[in-house]
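2 protein chains.
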Amino acid sequence: MALIVQKYGGTSVGSVERIHAVAERVARYLARGDQVVVVVSAMSGETNRLVELGRSVSARPLAREMDVLTAAGEQVTIALVAMALSDRGHPGKSYLADQVAIRTDSSFGKARISAIDTERLLADLASGIVPVVAGFQGVDDDGNLTTLGRGGSDTTAVAIAAALGADECEICTDVDGVYTADPRIVDDARRMSQVTFEEMLELASLGSKVLHPRSVEFAGKYRVPLRVMSSFEDGPGTLITMESNEMEQPIVSGIAYSRDEAKITMAGVPDVPGVASRILGPIGRAPIEVDMIVQNTGADGLTDFTFTVKRDDYERALEMLGAVQTELGARDLSGDNRIAKVSVVGVGMRSHAGVATRLFDALAAENINIQMISTSEIKISIVVAERYLELAVRCIHDAFELGAVEAEEE
Amino acid sequence: MALIVQKYGGTSVGSVERIHAVAERVARYLARGDQVVVVVSAMSGETNRLVELGRSVSARPLAREMDVLTAAGEQVTIALVAMALSDRGHPGKSYLADQVAIRTDSSFGKARISAIDTERLLADLASGIVPVVAGFQGVDDDGNLTTLGRGGSDTTAVAIAAALGADECEICTDVDGVYTADPRIVDDARRMSQVTFEEMLELASLGSKVLHPRSVEFAGKYRVPLRVMSSFEDGPGTLITMESNEMEQPIVSGIAYSRDEAKITMAGVPDVPGVASRILGPIGRAPIEVDMIVQNTGADGLTDFTFTVKRDDYERALEMLGAVQTELGARDLSGDNRIAKVSVVGVGMRSHAGVATRLFDALAAENINIQMISTSEIKISIVVAERYLELAVRCIHDAFELGAVEAEEE
């Protein structure tokens, strides 16, 4: 018997049938004596439909109103799931963000949760009611509706689990866990039975779509045990743990990638202080998000400065730098929007030398040229031409023997 | 310069183009110095879509959850209208029911408004913001979302107008006013420049779809000047007034009809006290709404008892009365679900004898048999076979010369 918060994403509540399947799944937990709080997203496609509707009305839709608009999606699913539960004899009760006081700041479209009032939820649980809470949304101090941005429902679930001191927060989705690499690319990719928060955070930030980094961060901060599992099939999923309890940590846990990348190089820039800020200043103010930054200085007193941006921002960033190039007297400005980033992640990396060597050897053996390298304590990211992406992921997966059978949890 | 509450129905906000047309219309009022509060319904078809979705999930959907579900429709339109206004340089701000504290009782699906907090609305108006309020919904004392039932957005608009002491409440819709009869049936039906609350209430209750009776009742009670007008075309519409200020009141103002009728007759019932309640008791408890009731007693001590119900309830009502017939020893139980009700309404009726005669003569001249008659101070309703409906409406319209040109308001 445990107190569990379960979050069901858009695909899991994407049709009447699937909503009934969710109710059925919740009922199984209740039958074994668990208490469950359900958090749901909008039905798949609905949030995008609403965003499109907003954009078709206004080229620059008000942020406040976009939040009111998109929050309507979750309102529909909480009602439907509560009905489906009640049909099975388990009284369900829907809650909008303001009804359980999911307080956020006023950053419309990307609000951050500051507090949750658990009084109603606890009263419901005590009287056998299953609260069904709208994910993705909140309410600010002035009573304005806010939304939490992409992955917001995961964050809602984790925040509720933290506030309730739940035993576990289950992120129920259309995959059965977190894999060592994308199974669509790597045939022998393996579901991890567990992964540490640090690793999951890197994997999530680096393009693994299973969990949103903010929810992982939140879960780590409040020490909420988080589990990624399938809404549709039984199975243990992947547990995201504080610390790995395996005797020997694998050097590399998983591989993430992102296609959504472009790089820009300003070459032959006089190497004087302040160059980086002259180049990145206008980009940051745009605002365009910059990911990797690499600077190499040659013997001639000139430096090459390269950074990556999201592919959508590429044209705009390149255009802005035209003026900067002239200003700085840089020799050349060029870019490439057909690149991809591949990252290997693992807490074991800290204590093992030679990870980089093994990685570079594997790529060299396949004649894949590495365009950029960036490292952190538990990850190494490389940029390669997009056409090599799949090959790179596969050969790295092999090099670190990630496909080998892991001892299954008891 | 005036303070005006404008309500736009589902057809008026049924597409992106129409939402822009609404914003354009509001902007014209603002340009001449008026202050405007906008109340909107869900986009046409949306409420039905949500109701269907709820029914497809549950055969007996929870009333509380149906309200949460359907209220999502208005949430979408308030955001879109606020955006469209802001695009025209008139800052719009959307409000859900709970954000302006539209308090109701807890009768889900047919809640009644008890209070509205005007503080935010007044503050917005003072600073040049156009509040855009979700119609149809409210919040009860426990913070549960409620809905007001059919015609609910009209009621919201009237209630807000009453709370603000607005100069006028405009019901903007897809027709340009209230007509002497349905223009689809009567060629020379004429838009009334004004009509009294009493008349409008009868016309609304009797099947004229333009305004919901509850909103008319509400407007009458709080003396809110109400105007029905087109969202799409300019024009004065129809003003619903406290008292007619015309020197001579027309005997009959308008004609309403309803096809949605069925009658049931229990014949040859022993005429003893309590028979009516024995017959209508089970019907009322079902609950099935009963409209007209007629009882005729013959010389033989037996009575015929006839009443009308909505056509949807016909089969069920007939079935329930089988047992009652046996119990009462009534000679016959029969019914007809191919009937229609036609009503003539007019405050002038009070002071004019002969209205009934003129009505009956007109029908007799067309050989239309009257099956039931019911009268009130300002209306006469008759039941005829459904196939005579159009003919009856037309000949009555002619008989009272309703098509004659009315002196147009200045």
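For the record, the sequence lines run as chains H and P. Note that the first sequence covers residues 1 to 410 in this note's numbering. Note that the second sequence covers residues 1001 to 1410 in this note's numbering. Yeah, the Cβ is synthetic: ideal placement off N, Cα and C, and Gly gets one too.
**Item:** Contact list for the region 1089 to 1100 of chain P against chain H, Cβ threshold 8 Å
**Value:** Taking 8 Å as the upper bound on Cβ-Cβ separation, chain H lies near residues G1092, K1093, S1094, L1096, D1098, Q1099 of the region 1089 to 1100 of chain P.
**Message:** Does A23(H) pass the burial test, meaning 16 or more other C-beta atoms within 10 Å, or should it be called exposed?
**Reply:** Position 23 of the first sequence, counted from the start, is the residue given in the question as residue 23(H). The Cβ neighbour count for A23(H), taken over all protein chains shown within 10 Å, is at least 16; the residue is labelled buried.
**Run of the alpha helix (DSSP H) containing K221(H), from where it starts to where it stops** = The count along the first sequence starts at 1 and reaches residue 221(H) at position 221. Going by DSSP, K221(H) is part of the alpha helix (DSSP H) stretching over 213 to 221.
**Message:** I'd like to know whether the C-beta of V16(H) is nearer than 9 Å to at least one C-beta of chain P.
**Reply:** Along the first sequence, one-based indexing puts residue 16(H) at 16. Yes, its Cβ sits closer than 9 Å to a Cβ of chain P.
**Prompt:** Would P1273(P) be called buried (16 or more neighbouring beta carbons within 10 Å of its own) or exposed?
**Reply:** Position 273 of the second sequence, counted from the start, is the residue given in the question as residue 1273(P). Taking all protein chains shown into account, P1273(P) has fewer than 16 neighbouring C-beta atoms within 10 Å of its C-beta and is therefore exposed.
**Item:** Under 9 Å between C-beta atoms of M1001(P) and D1034(P)
**Value:** Numbered from 1 along the second sequence, position 1 holds the residue referred to as residue 1001(P). Numbered from 1 along the second sequence, position 34 holds the residue referred to as residue 1034(P). Taking a C-beta distance under 9 Å as the contact criterion, M1001(P) and D1034(P) qualify as a contact pair.
**Own chain partners of E390(H) with C-beta closer than 6 Å, once the 5 adjacent residues on each side are dropped** = Along the first sequence, one-based indexing puts residue 390(H) at 390. Cβ neighbours of E390(H) beyond the five flanking positions: I185.
**Distance between G1268(P) and G1329(P) (C-alpha atoms, nearest Å)** = Locating residue 1329(P) in the second sequence gives position 329, counting from the first residue. Locating residue 1268(P) in the second sequence gives position 268, counting from the first residue. Pairing G1329(P) with G1268(P), the inter-Cα distance amounts to about 8 Å.
**Asked** Quick one: Cα of V1133(P) to Cα of L1145(P), how far?
**Response** Against the second sequence, residue 1133(P) aligns to sequence position 133. Against the second sequence, residue 1145(P) aligns to sequence position 145. It is roughly 15 Å from the alpha-carbon of V1133(P) to the alpha-carbon of L1145(P).
**Message:** Residues in the same chain with beta-carbon distance under 7 Å from G135(H), minus the five sequence neighbours each way, listed in chain order, please.
**Reply:** Walking along the first sequence from the start, residue 135(H) turns up at place 135. Setting aside the 5 residues that flank it on each side, G135(H) is surrounded in the same chain by K7, V39, V40, S41, E74, G152, S153, T156, A157, each with a C-beta closer than 7 Å to its C-beta; the list follows chain order.
**Positions along the region 1152 to 1163 of chain P whose CB lies within less than 8 Å of some CB in chain H** = If you check each beta-carbon in the region 1152 to 1163 of chain P against every beta-carbon of chain H, none falls closer than 8 Å.
**Prompt:** What in chain H is Cβ-close to Q1075(P), meaning under 8 Å?
**Reply:** Here residue 1075(P) refers to the residue found at position 75 of the second sequence. What Q1075(P) touches in chain H: V68, L69, A71, A72, Q75.
**Item:** Residue-level contact to chain P via CB, E409(H), 9 Å cutoff
**Value:** Your numbering for residue 409(H) matches position 409 in the first sequence. Since pLDDT at E409(H) reaches only 44, below the 50 mark, its modelled position is unreliable, and no value is offered.
**Request:** Could you name each continuous alpha helix (DSSP H) segment of 4 residues or more that falls completely within the region 1108 to 1154 of chain P, going from the start of the chain to the end?
**Result:** Listed in chain order, the complete alpha helix (DSSP H) runs (minimum 4 residues) inside the region 1108 to 1154 of chain P are 1119 to 1126.
**Message:** Under DSSP, the beta strand (DSSP E) around I339(H) begins and ends at which residues?
**Reply:** Locating residue 339(H) in the first sequence gives position 339, where the first residue counts as 1. First-last of the beta strand (DSSP E) with I339(H): 332 to 345.
**Asked** A365(H): buried (16+ other C-beta within 10 angstroms of its C-beta) or exposed?
**Response** The residue labelled residue 365(H) in the question sits at position 365 within the first sequence. With fewer than 16 other Cβ atoms within 10 Å, it is exposed.
**Message:** If we require 4 or more residues per run, which alpha helix (DSSP H) segments fall completely within the region 2 to 36 of chain H?
**Reply:** As for any alpha helix (DSSP H) of minimum length 4 sitting wholly inside the region 2 to 36 of chain H, the runs are 16 to 31, ordered along the chain.
**Request:** Between the Cα of G54(H) and those of T70(H), D182(H), E243(H), spot the shortest distance and give me the residue it belongs to.
**Result:** The residue given as residue 54(H) occupies position 54 in the first sequence. Minimum Cα distance to G54(H) is reached at T70(H).
**Prompt:** If we call anything under 9 Å between Cβ atoms a contact, is I293(H) one with A276(H)?
**Reply:** Taking the first sequence and counting its residues from 1, the one referred to as residue 293(H) is at position 293. Taking the first sequence and counting its residues from 1, the one referred to as residue 276(H) is at position 276. Going by C-beta atoms, I293(H) is nearer than 9 Å to A276(H).
**Item:** Rounded straight-line distance, which links the Cα of S1381(P) to that of D1417(P)
**Value:** The question about residue 1417(P) has no answer here: the residues shown for chain P are numbered 1001 through 1410.
**Prompt:** Roughly how many angstroms separate the alpha carbons of V1228(P) and L1050(P), rounded to a whole number?
**Reply:** Within the second sequence, numbered from 1, the residue matching residue 1228(P) stands at position 228. Within the second sequence, numbered from 1, the residue matching residue 1050(P) stands at position 50. Taking the straight line joining both Cα atoms gives about 27 Å.
**Chain-ordered chain H contacts of I1116(P) [CB-CB under 8 Å]** = The count along the second sequence starts at 1 and reaches residue 1116(P) at position 116. From the beta-carbon of I1116(P), no residue of chain H is found nearer than 8 Å; the closest lies around 15 Å away.
**Closer than 9 Å to chain H by CB, I1078(P)** = The sequence position of residue 1078(P) within the second sequence is 78, counting from 1. Closer than 9 Å to some Cβ of chain H, the Cβ of I1078(P) qualifies, so yes.
**Message:** Looking at chain P, is there any beta carbon in it that lies within less than 9 Å of the beta carbon of V38(H)?
**Reply:** Numbered from its first residue, the first sequence carries residue 38(H) at position 38. Judged by the 9 Å Cβ criterion, V38(H) is not in contact with chain P.
**Request:** From the DSSP output, in three-state form, read off M1266(P) for me.
**Result:** Looking up residue 1266(P) in the second sequence gives position 266. Reduced to three states, the DSSP call for M1266(P) is strand.
**Message:** Run through the DSSP bridge pairs and tell me what T1428(P) is partnered with.
**Reply:** In the structure as shown, chain P starts at 1001 and stops at 1410, and residue 1428(P) therefore has no counterpart that could be examined.
**Option in D141(H), K379(H), R278(H), R60(H) with minimal Cα separation from R350(H)** = Against the first sequence, residue 350(H) aligns to sequence position 350. Cα-wise, what sits closest to R350(H) is K379(H).
**Request:** Could you check the C-alpha separation between H1090(P) and V68(H) for me, to the nearest Å?
**Result:** Taking the second sequence and counting its residues from 1, one reaches residue 1090(P) at position 90. Taking the first sequence and counting its residues from 1, one reaches residue 68(H) at position 68. The alpha-carbon of H1090(P) is positioned some 18 Å away from that of V68(H).
**Beta-bridge pairing of Y414(H) - partner residues as DSSP gives them** = In the structure as shown, chain H begins at 1 and stops at 410. Residue 414(H) is therefore absent and cannot be evaluated.
**Request:** Just the C-alpha distance for A31(H) and G128(H), rounded to the nearest angstrom, thanks.
**Result:** Position 31 of the first sequence, counted from the start, is the residue given in the question as residue 31(H). Position 128 of the first sequence, counted from the start, is the residue given in the question as residue 128(H). Straight-line measurement puts the Cα of G128(H) at about 12 Å from the Cα of A31(H).
**Given 8 Å, three or more beta-carbon pairs between the region 319 to 333 of chain H and the region 222 to 239 of chain H** = No: fewer than three Cβ pairs fall under 8 Å.
**Message:** Going by DSSP, what residue range makes up the alpha helix (DSSP H) through M1229(P)?
**Reply:** Here residue 1229(P) corresponds to residue number 229 of the second sequence, with the count starting at 1. Looking at the DSSP string, M1229(P) is not in any alpha helix (DSSP H); the run it does join, the beta strand (DSSP E), is 1226 to 1230.
**Prompt:** For the beta strand (DSSP E) that Q1194(P) lies in, which residues bound it at each end?
**Reply:** On the second sequence, residue 1194(P) is found 194 positions in, with the first residue counted as 1. Start and end: 1194 to 1196.
**Request:** Check whether the region 332 to 352 of chain H touches the region 389 to 403 of chain H, counting contact only when three or more Cβ pairs, one atom from each stretch, lie closer than 8 Å.
**Result:** Taking 8 Å as the limit for Cβ pairs, the verdict is that the region 389 to 403 of chain H does touch the region 332 to 352 of chain H.
**Prompt:** Taking all protein chains shown into account, do 16 or more other C-beta atoms lie within 10 angstroms of the C-beta of K221(H), making it buried, or fewer, making it exposed?
**Reply:** Locating residue 221(H) in the first sequence gives position 221, where the first residue counts as 1. K221(H) comes out exposed.
**Asked** Is the CB-CB distance between I1078(P) and S1094(P) below 9 Å?
**Response** Working through the second sequence from its first residue, we reach residue 1078(P) at position 78. Working through the second sequence from its first residue, we reach residue 1094(P) at position 94. It is a contact, given that the beta carbons lie within the stated cut-off.
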